[in-house]
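Q: In order, the protein sequences belong to chains R and H. Read left to right, the first sequence gives residues 1 to 851 (the working numbering). Read left to right, the second sequence gives residues 1 to 439 (the working numbering). Glycine included, every Cβ here is placed at the ideal spot set by N, Cα and C.
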Amino acid sequence: MRPGGPSNNSVIDRRQTRWVLSTFIAALVQLTVFYSAGHGADSTDIPTVTRFISDNCVGCHGPLKQKGKLRLDSLSPNFEDPAALRVWVEVMDKLNLGEMPPEEKPRPDVQAQLHMVKWIAAGLRTVQRKSLGSGGRMMLRRLNRAEYANTVRDLLGLTFLPGESPLEFLPPDAKADGFDKVSAMLMVDPSLLDKYYEVAQRVADKAIVRGDPPFPTYRNRFYLKDTAKRAANRYLCDEPGFKCREDDIILMAGATRSYDDLFYPGTKRKRIPIKGMYAVRVRAAADPGSSGKPVRMQVLRESGGEGVLMETDVTAPPSSPQVYQVVLPLGVEGGEFAVKILDPAKFTINNGAYRNMERAIEKAGEIKDFAAIMRTKGRMLAEGLLSGGCPNPETVDTAKIPKLYLDYIEIEGPLYEQWPPKSHQALFFKGKGAVQDIAYAREMFTRFMPKAFRRPVSAGEVESIVGLIKGELDAGTNYEEAIRVGLTAVLTSPNFIYLFEPGGEQVRSLTDLEFASRLSYFLWSSMPDESLLALAKAGKLHDPGTVSHEVDRMLADPKSRALVSGFGAQWLKTDEFRTTKPDEKLYRDYNDKLGQDMVAQSLAFFEYVLTKNLPATNFLDSDFTLVNERLAKFYGIEGVQGDAFGVVKLPAGSPRGGLLGQAGVMMRGSDGSRTKPVQRGVYVRDVLFNDPPDPPPPNVGEIEPNIQGKNLTVRDRLKQHQKIETCAACHRGIDPYGLALENFNVIGAWRTQQDGENFRGAKRPAIDASGKMPNGKTYADFAEFKKLLLDQKDRFRTALAEKMFLYALGRPAEPADRGTIMQFADAMAAGNDTFRGLIEAIVASEAFRTK
Amino acid sequence: MSSTRPVLSRRAMLRGAGALMALPYLESMMTSSALAAPQAAAPARMAMFYFGTGMNMRQFTPSDEGKNFTLTRILKPLEPHRGNFTVLSGTYLEKGGGHDGAYPFSTSISKDRKQSISPDQLAAESLGADTRYASLQMSVKAGTDFGSQALATIAWNRQGVPLAAENDPHVLYNRLFKPDDEQEKAQRSTEFRRRHSVLDLVREDAKNLEGKVGASDRQRLDQYFNSVRELEKQLERRVAWSSKAKPNPDTPHRDDYGKSMTPEGAPGFFYDTYAKLMYDLIVLAFQTDSTRVCSYVVRTELAGGVYPEFGVSKGYHALTHHGNDPQNLEELAKVDTIYMSHWAYFLNRLKSIQEGNQTLLDRTVLGFSSGMGIGHSKDLLPTVISGGSGLGIDHQGHLKLPTNTPLASVWHTMLDRVGAAVPAEFQDSKGPIKQLIRA
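1. Use the C-beta contact count for H:Met29: other C-beta atoms within 10 angstroms, 16 or more gives buried, fewer gives exposed.
2. Is there contact between the segment 134-141 of chain H and the segment 408-419 of chain H, where contact requires at least three CB pairs shorter than 8 Å?
3. At least one CB of chain H closer than 8 Å to the CB of R:Phe500: is that the case?
4. With DSSP run on the structure shown, which of helix, strand or coil describes H:Ala421?
5. Is it buried or exposed for R:Asp543, if we count other Cβ within 10 angstroms and need 16 for buried?
6. Is it right to say H:Asn404 is buried, meaning 16 or more other beta carbons lie within 10 angstroms of its own, or is it exposed?
7. How long is the line joining the alpha carbons of R:Gly776 and R:Asn96, rounded to whole angstroms?
8. Who are the Cβ neighbours of R:Gly912 in its own chain at under 8 Å, not counting the five residues just before and after it?
9. For the pair the segment 213-221 of chain R and the segment 260-269 of chain R, tell me if three or more CB-CB distances fall below 8 Å.
10. Can you tell me where the beta strand (DSSP E) with H:Ser89 in it begins and where it stops?
11. R:Asn220 by DSSP, collapsed to three states: which one?
12. Look at H:Leu366 and H:Ser386 and say whether their C-beta atoms are less than 8 Å apart.
13. Can you find the residues in the same chain that come closer than 8 Å, C-beta to C-beta, to H:Phe310, ignoring five residues on each side of it along the sequence?
14. Compute the Euclidean distance between the alpha carbons of H:Ala102 and H:Val140, then round it to the nearest angstrom.
15. For the beta strand (DSSP E) containing R:Phe744, list its first residue and its last residue.
16. To which residues of the same chain is R:Gly539 closer than 7 Å at the C-beta, ignoring the five residues directly before and after it?
17. Measuring CB atoms only, is the segment 618-633 of chain R touching the segment 643-651 of chain R, in the sense that at least three cross pairs come out at less than 8 Å?
18. Residues of the segment 476-487 of chain R with a CB closer than 9 Å to any CB of chain H: list them in chain order, please.
19. On the three-pair Cβ rule with 8 Å, is the segment 340-355 of chain R touching the segment 390-398 of chain R?
20. Looking at the secondary structure, which residues open and close the beta strand (DSSP E) in which H:Ser386 lies?
21. With H, G and I counted as helix, E and B as strand and the rest as coil, what does DSSP make of H:Tyr463?
22. If we ignore side chains and look at the alpha-carbon of each, how far apart do H:Leu401 and R:Asp755 end up?
23. Could you give the first and the last residue of the continuous beta strand (DSSP E) run that contains H:Ser295?
24. For the ligand ADP, is there a heavy atom less than 7 Å away from the beta-carbon of R:Thr834?
25. Give the interface partners of R:Gly471 over in chain H, defined as CB-CB distance under 7 Å, in chain order.
26. In whole angstroms, give me the CA-to-CA distance for H:Ser89 and H:Gly373.
27. For H:Thr273, which of H:Lys351, H:Arg188, H:Asp168 and H:Lys314 has the nearest alpha-carbon?
28. So what's H:Phe426 in DSSP terms, helix, strand or just coil?
29. With distances taken from CA atoms, which of R:Val280, R:Gly335, R:Asp643 and R:Met666 is nearest R:Asn745?
30. Less than 8 Å between C-beta atoms, sequence neighbours within five positions excluded: which residues of the same chain meet that for R:Leu155?
31. Distance check for H:Lys434 and H:Thr413, CA to CA, integer angstroms please.
32. For R:Met444, return the contacting residues in chain H, with the cut-off set at a CB-CB distance below 8 Å.
33. My assumption, with CB atoms under 8 Å, is that R:Leu532 sits in contact with R:Glu550. Please give the rounded CB distance.
34. What distance in whole Å lies between the Cβ atoms of R:Val110 and R:Phe79, which are believed to be in contact at a cut-off of 8 Å?
35. For the beta strand (DSSP E) containing R:Leu487, list its first residue and its last residue.
36. Kindly indicate the opening and closing residues of the alpha helix (DSSP H) around R:Asp621.
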């Protein structure tokens, strides 16, 4: 044991300064001994480091005082001790941020501070290189739920109908630091293994077929001119907005129906015989009448069905009708098909007198004045008020009314991409007519298992599956079913469920095949494809140029959506945007669709920055954002149409740039009726700087609600909270990041006056979004705050690098990884701060390329 | 330790007694054994309950002590059950408070540490050998949701892995009571054979992998191994039980169990119906001796907890941040009282079932508490122990324990009473609560 370890210090009498000094010297002796033993950085710098700590730190973090429970004079200089290393990193960070020494203390000499920081960083790198031999290794990890589903999809070429994906059957995965990629959290327990087995059985059932499809594709058409011939539907022809003609019908209001038609032949009045993909087509034309607007048509399946199947403008003129089509999954449950005209002309109008009488009857009923009811009823009869509606004189002449001309409704399905499906051929590669024997099964799995296990497979491994199949056949199971059992076993095997890389205590380089898997699960959350495997087999993945090219190709592939829904969504915490519902009465502009758009915006923004190779610093501030029509209107941005998200350039001075201009983030940091600046501040520190503050101590409670009469703003109440000294210590470092966002209300709308809670009328207090950052810099408003964020690009890069490191390697960055993280951050800075640059740096790193 | 094991194992009783299976446990057993074996008591049962996010302790904790204590507003619904429960003040979760309390709740181990076996699973090791299911995990939320503060389960196996809970009474009912039809019976033997072969095969796979990795990866593979072993044990149990018909309990709610009902789904969800169906399932499972151990997360930590029918203005968690606002405190107490009225319903159901000269409630010891008290505290937990008079529990009405008595001592008391094997050092407990044990 080294002399003068921290535990020895407890014997020191704290009142005696002489002892203090000697303790510190003891610690430095320890430093010297330590460094001469080769455990850290350049020991020739020791005197300078000593002086810096005693001049700037020991006053508050020494034997007399331990502010923040931190004591630096007795800090173990053993950089291999994770606890000590964490403190050294903390020291470095606080110095870097200018948060320590605190502003009221004298500033340290800039050169001395820089020297100190560099000294710690150099020590870190030394330790890191050493530690690669032990800690900081990539651990065995099982697939998470998304990876499992994607892998099954790519391995077998399966597409899942809604409700049938493994995503629906596997339980959600545990997260660490917000990500579901961390090895230590991805455990296996009996119930999960049971689920894996069950899901594998489902997958095998779906993948392998026996014989012909149970229900062949059938095209079923109902000519609407037959409406008049159907006893159950004939009444429609008498409706005011309905005209039955020789070749078609004209729909001016309401909807048609397919009541007695469109049954799949051979079933008992089932329109959809089996869950599957179906094409729904309507041959239609339209006459907009005098409205000038295109006629909008809706195709529906109600009564437990899928609801609206298609909604579209019908622009074809009656002289040349067109077929409008949608292909979508349909289930057995559900009623008839219907076609509806939207915004139809009104054929009846409300009868105000009738309504008034009804209301009078209701009121009389409440007070049980039955005589009054009888009187009113009599009057209604006498005045001929028999229904709430009466014909609209405006629609007597139908010439000007928008009309939908409907020719037929057609349902085709179930649609099969091919039969037998691709997934079947993934195993039964010889096609029809092949001899179904054990030899064939052996061939199948010899071809299939290396793909499933992502590595070469021995004959013995194939033989164990073949043995299983043989056992099934001997028990009388049919051939296809026996192959299914084999496939189930493969998908339940640890070889499939875990991303397995053999390795002992020694660090080794990955093989190209292993590297291909890591790369693919990083960017696609799925197995490598053929071309990546081909490169691996050819031994080309050691070539940086080839890897860079592959990264490009993979990011351009639609499968990289997994990086958006995996990394993007979890980094930005988009799942949490809508957890609290805004108060409906206070925020009438809000609705569910808008909420969904808020989530979609942040994801679209991420995808745009990722795929367009833009600087990630656009998350701090940007001169563009992504919106659709609804969200654009909400933000007051003009000229955007449709539901799809597109990029818009923001006018100078718009607050909508960057992540913090996005409404979803603000809604997350609100509780429905008021903003939560602390929660917003924690979000900013966590997401942008990977520096979440420690959770509050138990029993701190929340900001008091706004009791009527007092009308204090959230900011005022927070200031009261800060008067408590113990609270203030932490809140100084959190609140500035949240109070700057006070101009965004509960739903992320821009406000200049307080709203929500009890604030109403013209006298509402003005929003104060000024503050002082922990490093002493002040801002007057949100715009200035964002400038201060942009000053911290380095901190942002490091944070992003740490988050993506965790995502790519399945473990959080440890203090020993600091050097690696710095490399990533440097690579980002040198490469225009793109995600692509960061990704390339990660996949080129030793951490990523070794086991 | 009390000795409450029946003289004859349940399985032995059942051998060749398929027809009897249709009858509730003791009704059938007592008629045949009442004459011969007066000491043959009904088995001991144990269940643990989690009410997330504390309660309004200002209206929960009674001001006076003893058997004739004054019931507080929240405890009022328990009035008819005086003598069958004890309110325990002074319980404390060292690692609880805040919103991480669901983790240490049953293990005393904090959220960021590796967990260990929970009391219900300890009990299942002693009580679960002779029933169709060793234990039941129930919850208002399905799965484990491990990692989240709103943990869905309080059951942990010996490896410290959370055990998934079920939240759909329909699924639970079918698991416990739905008889297999002919096709299912035919498929079952095929299914058993396949499961057996596949488990064999993947165990070999895991063994091969184990030889190729270092120590830390081997630990991770151990989880897989253990899971295979556990599934094999479950399979064995299933095979053994498959030849015996499931019991067919008498319940007025059979139709309600006929369709799926979960809090997160279904329009028209009514919590009152749901709560009663769930509590009834425990009663039925115990009554038919389908299991003797149960854990139930009645309300998760942090999330959920109130339903439209409660008529309150905020979510339960939002209410617990009451900020001394009288309306929040009032609504909190209102919600807590609703939960206690369901608890009273549950006790009533257990009491209504006779087992010889005792009731099912006498043979069942139940403990509930939370991961926090009021204001997210580690102390002032809403802790109540109910039932178990036939197992030697001596109820004290309101018992004030020394300040910061570990919650584990409550579990310790329960385990002691059901005759489970408790390790010498049980969590941070210093022993069972003596006042609750009949001398």
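A: According to the data block:
1. Counted from its first residue, the second sequence places residue 29 of chain H at position 29. For H:Met29, the predicted model reports a pLDDT of 39, less than 50, meaning its position is unreliable and no value from the coordinates is stated.
2. No, they do not touch.
3. The residue labelled residue 500 of chain R in the question sits at position 500 within the first sequence. Yes - at least one Cβ of chain H is within 8 Å of the one on R:Phe500.
4. Along the second sequence, read from residue 1 onward, the residue named residue 421 of chain H stands at position 421. H:Ala421 falls in the coil class under three-state DSSP.
5. Start at 1 with the first residue of the first sequence, and residue 543 of chain R comes out as number 543. So R:Asp543 counts as exposed.
6. Indexing the second sequence from 1 puts residue 404 of chain H at position 404. Counting C-beta atoms within 10 angstroms of its own C-beta, H:Asn404 has fewer than 16 neighbours from the protein chains shown and is therefore classed as exposed.
7. The residue labelled residue 776 of chain R in the question sits at position 776 within the first sequence. The residue labelled residue 96 of chain R in the question sits at position 96 within the first sequence. Roughly 13 Å separates the two Cα atoms.
8. As shown, chain R starts at 1 and ends at 851. That puts residue 912 of chain R outside it, with no answer to give.
9. Yes, the segment 213-221 of chain R is in contact with the segment 260-269 of chain R.
10. On the second sequence, position 89 is the one that residue 89 of chain H refers to. DSSP places H:Ser89 inside the beta strand (DSSP E), whose first and last residues are Phe85 to Tyr92.
11. Counting from 1 along the first sequence, the entry for residue 220 of chain R is found at position 220. For R:Asn220, the three-state secondary structure derived from DSSP is strand.
12. Translated into positions along the second sequence, residue 366 of chain H becomes position 366. Translated into positions along the second sequence, residue 386 of chain H becomes position 386. One thing to note: H:Leu366 has its Cβ within 8 Å of the Cβ of H:Ser386.
13. Along the second sequence, one-based indexing puts residue 310 of chain H at 310. Cβ contact annotation for H:Phe310 (same chain, cutoff 8 Å, sequence separation greater than five): Tyr271, Lys334, Val335 and Ile338, in chain order.
14. As a first step, residue 102 of chain H must be located in the second sequence, where it is residue number 102. As a first step, residue 140 of chain H must be located in the second sequence, where it is residue number 140. So the two alpha carbons sit approximately 14 Å from each other.
15. Against the first sequence, residue 744 of chain R aligns to sequence position 744. From DSSP, R:Phe744 is part of no beta strand (DSSP E); its letter is neither H nor E.
16. Here residue 539 of chain R corresponds to residue number 539 of the first sequence, with the count starting at 1. Only Asp512 meet the Cβ criterion.
17. In this structure the segment 618-633 of chain R touches the segment 643-651 of chain R; the number of beta carbon pairs closer than 8 Å is three or more.
18. Under the 9 Å Cβ criterion, the segment 476-487 of chain R contributes Thr477 and Val485.
19. Flag = yes, the segment 340-355 of chain R and the segment 390-398 of chain R touch.
20. On the second sequence, residue 386 of chain H is found 386 positions in, with the first residue counted as 1. From DSSP, the beta strand (DSSP E) with H:Ser386 extends over Thr383 to Gly387.
21. Nothing about residue 463 of chain H can be reported from this structure: the residues present for chain H run from 1 to 439 only.
22. Within the second sequence, residue 401 of chain H is the residue found at index 401, counting from 1. Within the first sequence, residue 755 of chain R is the residue found at index 755, counting from 1. C-alpha separation (whole angstroms): 48 Å.
23. Position 295 of the second sequence, counted from the first residue, corresponds to residue 295 of chain H. Val293 to Arg299 is the extent of the beta strand (DSSP E) around H:Ser295.
24. The model depicted lacks the ligand ADP and carries no ligand whatsoever.
25. Your numbering for residue 471 of chain R matches position 471 in the first sequence. Neighbours of R:Gly471 on chain H, chain order: Ser197.
26. One-based indexing of the second sequence puts residue 89 of chain H at position 89. One-based indexing of the second sequence puts residue 373 of chain H at position 373. Rounded to the nearest angstrom, the two C-alpha atoms are 11 Å apart.
27. Here the question's residue 273 of chain H lines up with position 273 in the second sequence. Nearest of H:Lys351, H:Arg188, H:Asp168 and H:Lys314 to H:Thr273, Cα basis: H:Asp168.
28. Counted from its first residue, the second sequence places residue 426 of chain H at position 426. Coil.
29. Numbered from 1 along the first sequence, position 745 holds the residue referred to as residue 745 of chain R. Of the candidates R:Val280, R:Gly335, R:Asp643 and R:Met666, the one whose C-alpha sits nearest the C-alpha of R:Asn745 is R:Met666.
30. Taking the first residue of the first sequence as position 1, residue 155 of chain R is located at position 155. In the same chain as R:Leu155, and ignoring 5 residues on each side of it, the C-beta atoms closer than 8 Å to its own belong to Ala426, Lys451, Ala452 and Met527, in chain order.
31. Translated into positions along the second sequence, residue 413 of chain H becomes position 413. Translated into positions along the second sequence, residue 434 of chain H becomes position 434. Taking the straight line joining both Cα atoms gives about 8 Å.
32. Here residue 444 of chain R corresponds to residue number 444 of the first sequence, with the count starting at 1. Per Cβ cutoff of 8 Å: no residues; R:Met444 is ~16 Å from chain H at best.
33. As a first step, residue 532 of chain R is located in the first sequence; it is residue number 532 there, counting from the start. As a first step, residue 550 of chain R is located in the first sequence; it is residue number 550 there, counting from the start. That belief holds up - the Cβ atoms of R:Leu532 and R:Glu550 are roughly 6 Å apart, short of 8 Å.
34. Taking the first sequence and counting its residues from 1, the one referred to as residue 79 of chain R is at position 79. Taking the first sequence and counting its residues from 1, the one referred to as residue 110 of chain R is at position 110. So it is not a contact: roughly 25 Å between Cβ atoms.
35. As a working mapping, residue 487 of chain R is identified with position 487 in the first sequence. Not the beta strand (DSSP E): R:Leu487 falls in the alpha helix (DSSP H), residues Tyr479 to Thr492.
36. For the purposes of this step, residue 621 of chain R is taken as residue 621 along the first sequence, with counting starting at 1. Careful: R:Asp621 lies outside any alpha helix (DSSP H) and carries neither H nor E.
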